[in-house]
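Quick notes on the structure that follows.
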Amino acid sequence: MKKKYFLSLNAKIFLFLFLSFSGICTLFLLTFMNSYVNQLEQESMLVRKKAETVYELYNENEQLRKIVSQIQEEQELSEKDFFTRLWAEQDYDIDFTLKPQSQRSLEMRKEIMKDIKDARKRDNKFHMLGYFVLSAFLLVFFILELLWLIVRRWILKPIERLLEATHKISSGDLDFRVSVSPKISRSDELDILARDFNKMADDIQKNIQKIQENEKFLQDMIDNIPDGIRVFDEKYNIILTNSAYDRINQSLKGKENKKCFEYYRNSCPCSAEQHPCTLALLRQNPDKPINVIQRYTDEDGREKFVEVSAAATHHKTEEGDVLWVIELVRPLDKTILFSHQQKLSAVGMLASSVAHEMRNPLGSVKLILENLLDKMESKDQPPKDLKHYLSVVYDQIDMCINVTSRLLKLSRKPEKTNKPVDMNEVVSETASLLEYEAKKTGIEITVQESEKPVVISAADAEMRMVVVNLMQNAFHAMPNGGKMDIKIYAEDKKVLLDFSDTGTGIEPENLTRIFEPFFSKRADREKQEGVGLGLSIVKTIIENSGGIISVESTVGKGTTFHLSFDAMSK
Numbered sequence: 018m019k020k021k022y023f024l025s026l027n028a029k030i031f032l033f034l035f036l037s038f039s040g041i042c043t044l045f046l047l048t049f050m051n052s053y054v055n056q057l058e059q060e061s062m063l064v065r066k067k068a069e070t071v072y073e074l075y076n077e078n079e080q081l082r083k084i085v086s087q088i089q090e091e092q093e094l095s096e097k098d099f100f101t102r103l104w105a106e107q108d109y110d111i112d113f114t115l116k117p118q119s120q121r122s123l124e125m126r127k128e129i130m131k132d133i134k135d136a137r138k139r140d141n142k143f144h145m146l147g148y149f150v151l152s153a154f155l156l157v158f159f160i161l162e163l164l165w166l167i168v169r170r171w172i173l174k175p176i177e178r179l180l181e182a183t184h185k186i187s188s189g190d191l192d193f194r195v196s197v198s199p200k201i202s203r204s205d206e207l208d209i210l211a212r213d214f215n216k217m218a219d220d221i222q223k224n225i226q227k228i229q230e231n232e233k234f235l236q237d238m239i240d241n242i243p244d245g246i247r248v249f250d251e252k253y254n255i256i257l258t259n260s261a262y263d264r265i266n267q268s269l270k271g272k273e274n275k276k277c278f279e280y281y282r283n284s285c286p287c288s289a290e291q292h293p294c295t296l297a298l299l300r301q302n303p304d305k306p307i308n309v310i311q312r313y314t315d316e317d318g319r320e321k322f323v324e325v326s327a328a329a330t331h332h333k334t335e336e337g338d339v340l341w342v343i344e345l346v347r348p349l350d351k352t353i354l355f356s357h358q359q360k361l362s363a364v365g366m367l368a369s370s371v372a373h374e375m376r377n378p379l380g381s382v383k384l385i386l387e388n389l390l391d392k393m394e395s396k397d398q399p400p401k402d403l404k405h406y407l408s409v410v411y412d413q414i415d416m417c418i419n420v421t422s423r424l425l426k427l428s429r430k431p432e433k434t435n436k437p438v439d440m441n442e443v444v445s446e447t448a449s450l451l452e453y454e455a456k457k458t459g460i461e462i463t464v465q466e467s468e469k470p471v472v473i474s475a476a477d478a479e480m481r482m483v484v485v486n487l488m489q490n491a492f493h494a495m496p497n498g499g500k501m502d503i504k505i506y507a508e509d510k511k512v513l514l515d516f517s518d519t520g521t522g523i524e525p526e527n528l529t530r531i532f533e534p535f536f537s538k539r540a541d542r543e544k545q546e547g548v549g550l551g552l553s554i555v556k557t558i559i560e561n562s563g564g565i566i567s568v569e570s571t572v573g574k575g576t577t578f579h580l581s582f583d584a585m586s587k
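Position one of the sequence shown corresponds to residue 18 (this note's numbering), numbered consecutively onward.
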């Protein structure tokens with residue numbers, strides 16, 4: 018494509034005036050040259066005629082021959098040289114008024130005199146023509162110069178000011194205005210145009226300010242929405258986000274020209290194996306909003322899940338209608354935790370009620386037994402069997418009271434702040450509560466407590482939730498019985514826990530998905546279908562407590578969950 022050169026109005030007018038001046042000058046010059054050439058031809062003819070006449074007179078006039086001889090002697094010219102110079106020049110003062118020798122000489126003299134007079138007239142006309150051409154040159158130059166100054170002052174200058182104003186405003190300087198004469202009487206069409214331009218600039222500035230205020234109001238409004246909002250086009254370019262979305266993923270905050278898939282740490286559009294792509298789904302049916310669960314990894318490498326509600330809209334651009342996707346992004350951490358807390362709250366309320374109902378009568382029975390035992394000690398020695406049975410009853414009642422205490426601990430609401438938690442105590446007490454359930458299905462539980470301190474900073478009730486979920490998950494993997502080993506130990510300022518079972522194991526393709534919300538592959542699904550929130554809640558609680566959870570599994574042999582926490586310093 019050839020480059021198009023810009024020719025300003027200044028240059029166009031100057032070029033027009035220059036070409037006009039050049040054309041007029043050329044016309045004058047041609048007229049002058051034509052007259053000059055004619056003058057030269059006539060002079061040449063006159064000289065030739067004069068020389069011929071003199072030559073004829075020379076042959077006829079004896080007195081003229083004497084004059085010519087005298088001139089030849091003075092200038093040392095031959096007769097041939099004299100007439101050659103006489104032919105080309107007219108410098109010789111020859112008296113042609115000499116008395117002619119014949120009528121022919123007289124006629125020739127009259128013709129010469131007439132030609133001389135005509136030549137003088139032509140010389141005068143030629144000189145007048147030269148003066149006229151020179152004056153015309155100067156007059157045309159002066160007129161064109163004056164015309165240039167007038168055009169420059171009254172046309173080009175105002176246009177340049179308008180052009181400067183358009184450049185300033187287009188570059189963002191909306192306060193720039195064109196200077197206009199305040200007196201209406203001195204105004205012309207360009208001044209009216211400048212005033213209208215200034216008024217248009219004022220209107221544009223007001224409209225832009227209004228648009229900016231509306232955009233700010235809209236941005237503030239969507240920023241106050243607790244869920245994340247983002248808008249991206251069909252080329253995956255993020256158009257708009259709100260503060261909640263930026264908080265979900267800090268790495269994309271304040272960065273423009275980002276792609277939506279970069280939110281998921283990808284360098285290309287998301288594949289169907291990762292999670293559903295809202296753009297791909299909406300392309301198939303743009304009139305139907307969708308709701309999907311998506312997974313991503315945050316800045317700390319922790320896996321997170323979000324619920325995305327998306328709808329399509331069409332935006333008009335210079336290229337035509339463009340598909341935009343509007344997403345409402347809601348993190349599932351709190352939703353999952355809240356759902357689990359509701360479930361545990363109901364269980365806890367039941368456990369609390371049962372514990373209180375059991376604890377009060379058991380406490381009364383315990384006091385009565387203590388009183389009976391004290392009285393039996395103070396009186397005669399009772400039968401040994403009766404005392405033995407009463408002691409056994411006392412111990413069993415004390416065990417029941419301990420069970421209710423553990424149930425009460427499990428049913429507590431999670432604390433808002435972390436406190437020191439002894440994992441030996443948490444695991445052993447929680448395992449004792451589930452021991453009856455394990456024995457019913459033929460599962461043997463072994464707890465290996467740590468001899469070193471295993472205290473971490475966490476919420477006691479939440480850690481008990483983690484142990485319950487992991488143990489129940491192991492029970493589900495062993496519907497026909499098996500063995501579960503729980504090991505607690507300290508190593509390199511870390512508190513480590515291993516939950517191992519001899520269940521059915523987890524298939525390799527499902528290992529990366531077991532922590533996803535609503536994913537369930539229970540081995541005992543014939544008895545009861547799982548919801549798929551247990552391990553997701555476990556992972557959320559552990560990561561919120563600064564811990565890490567990982568899993569190893571072999572199909573047909575069993576599964577081991579590894580938990581790691583930072584040990585609390587003494």
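Ideal Cβ positions, reconstructed from N, Cα and C, are used throughout, including at glycine.
A quick note: this is a predicted structure, and the numbers were derived from the prediction, not measured.
Check	Outcome
How close, in whole Å, do the beta carbons of L528 and S570 come, if the pair is a contact with beta carbons under 8 Å?	6 Å
Using the Cβ count rule (16 or more neighbours within 10 Å means buried), how would you classify I225?	exposed
Between which two residues does the alpha helix (DSSP H) holding T458 run?	Neither: T458 is in no alpha helix (DSSP H) and is coded neither H nor E.
For A475, I'd like the list of residues in its chain whose CB is within less than 6 Å of its CB, leaving aside the five on either flank, ordered along the chain.	N435, V438, S562
Mapping DSSP to helix, strand and coil, what is T519?	coil
Is R178 helix, strand or coil by DSSP?	helix
Alpha carbon to alpha carbon, how far is E526 from K504? Give it in angstroms, no decimals.	27 Å
Assuming contact is defined by CB atoms lying nearer than 7 Å, are G522 and T577 in contact in what I supplied?	no
For S4, which residues does DSSP report across the bridge?	No answer is possible for residue 4: the residues shown for the chain start at 18 and end at 587.
Quick check on DSSP: helix, strand or coil for F35?	helix
In angstroms with no decimal places, state the Cα-to-Cα distance between V339 and I256.	12 Å
Could you tell me whether the Cβ atoms of G520 and A494 are closer together than 7 Å?	yes
Give the C-beta separation of I310 and L299 to the nearest angstrom, bearing in mind that I take them to be a contact with Cβ-Cβ under 8 Å.	Rounded, the Cβ-Cβ distance is 16 Å, inconsistent with contact.
Under 7 Å, do S581 and G564 count as touching if we go by C-beta distance?	yes
Since T258 is in the beta strand (DSSP E), which residue starts that stretch and which ends it?	255–258
Taking the alpha carbon of V568 as the point to measure from, which residue in A329, S517, M238 has its own alpha carbon closest?	S517
When you compare each of E461, Y506, H579 to V483 by their alpha carbons, which one comes out closest?	H579
Pairs of beta-carbons, one from the region 233–242 and one from the region 319–333, closer than 8 Å: are there three or more?	no
So, under 8 Å CB-CB, E524 and F492 are touching, yes? Tell me the CB distance rounded to an integer number of Å.	Not a contact, Cβ separation roughly 19 Å.
Have a look at V512, L450, Q489 and flag the residue whose alpha-carbon is nearest the alpha-carbon of S467.	V512
Starting from S13, follow the beta strand (DSSP E) in both directions and report where the run begins and ends.	The structure shown does not extend to residue 13, since the chain is modelled only from 18 through 587, so no value can be given for it.
Does K321 come out as helix, strand or coil in the three-state DSSP assignment?	strand
Only counting the same chain, and skipping five residues up and downstream in sequence, which positions put a Cβ closer than 8 Å to that of W341?	V248, F249, D250, E251, I256, A329, T330, H331, H332
Rounded to whole angstroms, what is the Cα-Cα separation between Q465 and V443?	13 Å
For F278, tell me which candidate among C294, D213, I558 has the shortest Cα-Cα distance.	C294
Go ahead and label M238 buried or exposed: buried means 16 or more other beta carbons lie within 10 angstroms of its beta carbon, across all protein chains shown.	exposed
With burial defined as no fewer than 16 other Cβ atoms inside 10 Å of the residue's Cβ, what is the status of G189: buried or exposed?	exposed
Can you list, in chain order, the residues of its chain with a C-beta nearer than 6 Å to that of I558? Leave out the 5 residues immediately preceding and following it.	E479, V483
Give the range of the beta strand (DSSP E) segment to which I172 is assigned.	Run containing I172: none; DSSP gives neither H nor E here.
Report the option in K457, I473, D220, A507 whose CA atom is closest to the CA atom of P496.	K457
Where does N51 land, buried or exposed, given buried means 16+ other C-beta within 10 angstroms?	exposed
Whose C-beta lies closer than 8 Å to the C-beta of N441 among residues of the same chain, with five residues either side of it excluded?	E466, S467, V471, I505
Within this structure, are the beta carbons of S244 and S260 separated by less than 7 Å?	Note that residue 244 is Asp in the sequence shown, not Ser. Their beta carbons are not under 7 Å apart, which means D244 does not touch S260 by this criterion.
How would you write the range of the beta strand (DSSP E) that E604 sits in, first residue to last?	This structure gives no information on residue 604, because the portion of the chain shown stretches from 18 to 587.
I need the straight-line Cα distance from R530 to E387, nearest angstrom please.	55 Å
I need the straight-line Cα distance from L349 to R312, nearest angstrom please.	10 Å
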